[in-house]
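Trainee: Mind the numbering: the sequence shown is residues -19 to -1, 1 to 186 in mature numbering (1 follows the signal peptide of the UniProt record, and there is no 0), read in order. Where a beta carbon is used, it is the ideal one built from N, C-alpha and C, also for glycine. Remember, predicted model here, so these are calculated numbers, not experimental data. Following this message is one structure expressed as structure tokens.
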Amino acid sequence: GVLWAVCTLCFAIIQVVILVQPSWIGTVDPRSPQLGPPLPSGTMGLFEVCMESDWPVPDCRGGLSTLSPLPSFQSVAVLVGVSLWAVWTTVLCLSLFRFCSAATVYKICAWLQLTAGFCLALACLLFPDSWESPEMRALCGDSVRIKIFSPGNCSVHWAYILAILGVLDYAILATLAFVLANRQDALLPPDSQDGEQEEEEGDEG
């Protein structure tokens, strides 16, 4: 139970990084010998596009401070945001162990984690559908193609890969939460289980 709670908290923090970091897409080896004008170099996230410049700090456009994702990634940003809300609600629900039965809290957290994983999975599936956007073409060139899963002069970066791994992580955490809930139910003494059933029957009557 403690390990499950720690993993839930850790991935809630990682989920914030997934949302805000401009590292879902990045250019690939722009310094290789090539014909024509040099290709741009930079990275892109859901809220921000950062281009390398002559300065040590990249030139970034957009950002989470505006609370406005890039137009082509709005649906993806909303889904990641809902996933973030669900996982942080799970973290807040950990405080309910003092007031509610452990089995009930585990079940609530499990459904919240399933919701978070489902929204994050949809976000990962929808993200490539936005690759032929003006922002992607400006960074990755005109060779971007959705049908053949080709991001042009770019490749997926660690934030997108981390989001995909997050889907698997949520599935494991939710399954573990359901297992812990069933285990807590099994630990209840038979007298208390019979008492709860009698109370429920009395309420219905």
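1. Rounding to the nearest angstrom, what Cα-Cα distance links Val61 and Val(-4) in this structure?
2. Rounded to the nearest angstrom, what separates Trp69 and Gly122 at their Cα positions?
3. I need the DSSP call for Asp110, collapsed to helix, strand or coil.
4. Strictly by DSSP, which residues pair up with Thr24?
5. I'd like to confirm the pairing. Which residues does DSSP put opposite Arg42 in its beta bridges?
6. If we ignore side chains and look at the alpha-carbon of each, how far apart do Val30 and Trp5 end up?
7. Mark Gln94 as exposed unless 16 or more other C-beta atoms lie within 10 angstroms of its C-beta, in which case mark it buried.
8. Can you name, in chain order, every residue of its own chain whose Cβ lies under 8 Å from the Cβ of Lys88, other than the five neighbours on each side?
9. What are the boundary residues of the alpha helix (DSSP H) that Gln(-5) is part of?
10. Is Ser111 buried or exposed, if buried means 16 or more other CB atoms sit within 10 Å of its CB?
11. Run through the DSSP bridge pairs and tell me what Val68 is partnered with.
Mentor: Checking against the coordinates, here is how it stands:
1. About 9 Å.
2. For Trp69 and Gly122, the distance between alpha carbons rounds to 37 Å.
3. Asp110 falls in the helix class under three-state DSSP.
4. Per DSSP, Gly7, Cys31.
5. In DSSP, Arg42 forms a bridge with Val30.
6. Straight-line measurement puts the Cα of Trp5 at about 10 Å from the Cα of Val30.
7. Result: buried.
8. The residues are Ala158, Phe159, Ala162.
9. In this chain, the alpha helix (DSSP H) harbouring Gln(-5) covers -18 to 1.
10. Looking at its Cβ environment, which holds 16 or more other Cβ atoms inside 10 Å, Ser111 is buried.
11. DSSP lists no partner for Val68.
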